[in-house]
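Here is the structure we will look at, set down as structure tokens.
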Amino acid sequence: MSLQTRVNYINRYREIAMQFSKSGLGFLIEEIGLDRVISLPRRILLRQQNDEVLEKTYAERIRIFIEEMGTTFIKLGQIASMRGDLLPPDLIAELEKLQSHVPPFPPDEARRLIEESLEAPIDELFMIFDDKPVGSASIGQVHRAMLHTGEDVAVKIQRPNIEKTVRTDLEILRHLAGLAESNLEWARNYQVTDMIDEFSDALINELDYTIEARNVERIGKTHKNDPAIKIPEIYWEYSTKNVMVMDFIKGVPVNNLMKLDEMGINKSEVANTLARAIFQQIFEEGYFHGDPHPGNVSVLDDGTLAFLDFGMIGRLTSDLKNNFGSLLISLMRKDSGGVVKAIVKMGVVPVDVSMRDLNREAEIMRDKYYDVPLAKLNFSDAVNDLFGIANKYKIKLPQDFTILAKTLLTLESVVSQLDPDFSIMDVAEPFGKALLLERYNPKNLLNFQIDEIQQLGSELREVTENVHQFSKGLKNQNLPIEIDVKGRSQFSKHLDRVINRLSFSIVLLAFSIVMVGLIVGSALLGEGSIIFRIPIIEIAAIFAMIMFAWLLWSIVKSGRF
1164 MSLQTRVNYI
1174 NRYREIAMQF
1184 SKSGLGFLIE
1194 EIGLDRVISL
1204 PRRILLRQQN
1214 DEVLEKTYAE
1224 RIRIFIEEMG
1234 TTFIKLGQIA
1244 SMRGDLLPPD
1254 LIAELEKLQS
1264 HVPPFPPDEA
1274 RRLIEESLEA
1284 PIDELFMIFD
1294 DKPVGSASIG
1304 QVHRAMLHTG
1314 EDVAVKIQRP
1324 NIEKTVRTDL
1334 EILRHLAGLA
1344 ESNLEWARNY
1354 QVTDMIDEFS
1364 DALINELDYT
1374 IEARNVERIG
1384 KTHKNDPAIK
1394 IPEIYWEYST
1404 KNVMVMDFIK
1414 GVPVNNLMKL
1424 DEMGINKSEV
1434 ANTLARAIFQ
1444 QIFEEGYFHG
1454 DPHPGNVSVL
1464 DDGTLAFLDF
1474 GMIGRLTSDL
1484 KNNFGSLLIS
1494 LMRKDSGGVV
1504 KAIVKMGVVP
1514 VDVSMRDLNR
1524 EAEIMRDKYY
1534 DVPLAKLNFS
1544 DAVNDLFGIA
1554 NKYKIKLPQD
1564 FTILAKTLLT
1574 LESVVSQLDP
1584 DFSIMDVAEP
1594 FGKALLLERY
1604 NPKNLLNFQI
1614 DEIQQLGSEL
1624 REVTENVHQF
1634 SKGLKNQNLP
1644 IEIDVKGRSQ
1654 FSKHLDRVIN
1664 RLSFSIVLLA
1674 FSIVMVGLIV
1684 GSALLGEGSI
1694 IFRIPIIEIA
1704 AIFAMIMFAW
1714 LLWSIVKSGR
1724 F
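Residue numbering for the sequence shown follows our numbering, starting at 1164 and increasing by one per position.
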């Protein structure tokens, strides 16, 4: 590290300490040990604040501190505002207020950055380039331009030196998090370092515009045949890590209700289109827009809905999608116990958590939502209650699930402005039922059982290999350990019995699940079990029972059951 870099780090530490003091958080300087890292003026250590600051809550002071510290802290605070499972509600409420008021950088600087990134003069790249930005944010700003081929485009340019600034701040924040965990019990309980690492990964991704461009294209494939949805096209020949060029889409923010009325737009249809698009992304692709607030969703003159800004994207693995399906189905059935079970299955539950207490929380939720019709169910309240449970019992949920929950909360807020009587649960219900049908599809059930058996076989091979390596190590090292296995014949018989019982259990389980899947699938689809005049379920049941009886007889006959 160069001398200048060391000086910059020390100056940044001092800025943080000074802002701690000004924001009414000066006590943290000594508690986390920051005063032992760098020398600080006495006036900072005395922690002098005015009465107005001291009258504010700690959550408000944290928000003030973050706003004063600039881009990195604000972006991390915005990301943290989605983690209602990790942070208390009052702090989440304050973090949601964070706004980055960053003035645009000069047009000459914008032109220079474009020319350096694309390695060509600006006049060769664009026929027209508007020096006045149409939007400015903490990481970059957007200019309107026209290509020589006539396309109207938006040029997104990253702020100069922003990546260096962000990475420096992240290194300092991680060091401070480590200090806090070493000195403060609450920091260890909240696993502050892990939180900083998780939030940092999300922020670093936002600094690479090629990642956002791929997000745009992937969401675009989801809606390529949907005329009601518009996704901008990416111009890859003009896009790099620091510059991104895409279609310029001029529309009306989805929450500008007066303008939508002037345009003659049916707001209920807009609400339905938006909700349907988000649930399609979630359930069909497992890849969805993670921040559909009004600034990122516009309505065009013909009523088409356009998505913008794809820096925040959520991804659902198959397991997470299935667990979310269980959550959604439980919500539709008013089964709060099932909701909590889905949350527990998704999250990392501390070993000391009392399941009795969790079940009691489920009973309270069930009573709260028991008589509420599906169309009147307030999804925001339900999600906040779930996050409250996760936070109370320190259940750490996957980041993508919290992005999903935040997306649906934002969605509900937007559509309720468009149509106060609109319920996103009504739109979600068909997707939930489709997921249920998919889950109980006999083919999927069979594939699941095959995967489970393959996984079991893999684990058994791993155990065998570990035993082999252990015995090999004993032989090579000549360790003074003797293993005398008495009654090897009895041991072999016992092992055979265990394996046979395991085989019996797997076959019985597979038989039961496949049969239930066939019956449930037929019932849900409203179709009978006869195909081409052949009673498929009955024949399958007889065949499975014969195989089952044969296996049972073989095991019993061997005398090793």
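Cβ coordinates follow ideal geometry from the N, Cα and C atoms, glycine included.
CA-to-CA distance, residue j to residue i, given in whole angstroms
i	j	result
P1455	N1405	23 Å
I1173	G1196	15 Å
I1441	D1424	24 Å
G1510	D1294	48 Å
A1340	R1224	18 Å
S1481	L1571	19 Å
T1573	L1581	13 Å
P1252	A1180	26 Å
Q1562	M1290	43 Å
D1360	G1240	13 Å
E1575	A1376	27 Å
F1594	Y1450	15 Å
N1547	H1386	30 Å
A1365	G1477	11 Å
M1422	V1516	The displayed chain sequence assigns Lys, not Met, to residue 1422. Whole-angstrom Cα-Cα distance: 51 Å.
L1688	A1350	In this prediction, L1688 has a pLDDT of 48, which is less than 50 and means its spatial position is unreliable; what the coordinates show is noted afterwards. Taking the straight line joining both Cα atoms gives about 52 Å.
I1694	N1485	Low confidence applies here, because I1694 scores a pLDDT of 48, under 50, leaving its location unreliable and the question unanswered by this model.
R1381	I1705	46 Å
N1171	E1193	22 Å
F1585	D1544	16 Å
A1362	K1531	Reading the sequence as shown, one finds Phe at residue 1362 and not Ala. If you take the alpha carbons of F1362 and K1531, they lie about 33 Å apart.
N1419	S1579	13 Å
T1373	E1448	20 Å
D1332	N1388	43 Å
K1319	Y1401	11 Å
F1654	R1519	In this prediction, F1654 has a pLDDT of 49, which is less than 50 and means its spatial position is unreliable; nothing more can be read from the coordinates.
L1642	T1356	Residue confidence is low: L1642 scores 49 on pLDDT, short of 50, so the model does not pin down where it sits. Its coordinate-derived value is still stated next. C-alpha separation (whole angstroms): 41 Å.
V1460	N1324	29 Å
P1583	K1569	20 Å
I1277	E1326	16 Å
V1577	I1242	20 Å
G1313	I1392	23 Å
V1329	S1280	19 Å
L1250	I1587	26 Å
M1528	F1550	12 Å
S1186	E1218	11 Å
Residue i vs residue j beta-carbon contact at 7 Å
i	j	result
M1409	P1395	yes
I1237	G1247	no
S1301	T1234	yes
G1466	I1412	no
G1303	E1369	no
P1416	P1457	yes
I1506	E1524	no
A1308	V1316	yes
Y1176	I1201	yes
V1462	G1414	yes
G1453	I1566	yes
V1590	A1712	no
S1299	P1267	yes
Alpha helix (DSSP H) segment containing residue i, residue limits
i	result
I1382	1372 to 1385
V1512	That residue, V1512, is in no alpha helix (DSSP H); it is neither H nor E in DSSP.
F1451	Counting along the chain, F1451 falls outside any alpha helix (DSSP H), though it belongs to the beta strand (DSSP E) covering 1450 to 1452.
E1278	1270 to 1281
I1359	1355 to 1369
A1256	1252 to 1258
L1571	1562 to 1581
Bounding residues of the beta strand (DSSP E) (the contiguous stretch that carries residue i)
i	result
Y1221	Taken as a continuous stretch (DSSP letters only), Y1221 belongs to no beta strand (DSSP E), being part of the alpha helix (DSSP H) at 1221 to 1232.
R1478	1476 to 1478
M1409	1406 to 1410
L1468	1468 to 1470
S1461	1460 to 1462
Short CB-CB distance (under 7 Å) between residue i and chain B
i	result
L1339	Any reference to chain B falls outside this structure, which holds one protein chain only.
Unbroken stretches of the alpha helix (DSSP H), 4 residues or longer, contained in the region 1287 to 1347: 1325 to 1346
Three or more C-beta pairs below 8 Å linking the region 1258 to 1271 and the region 1229 to 1246: yes
Three-pair Cβ contact test at 8 Å for the region 1340 to 1350 versus the region 1419 to 1438: no
The region 1542 to 1558 / the region 1466 to 1478 touching (three or more Cβ pairs under 8 Å): no
Contiguous alpha helix (DSSP H) assignments of at least 4 residues, all confined to the region 1418 to 1447: 1420 to 1425, 1430 to 1443
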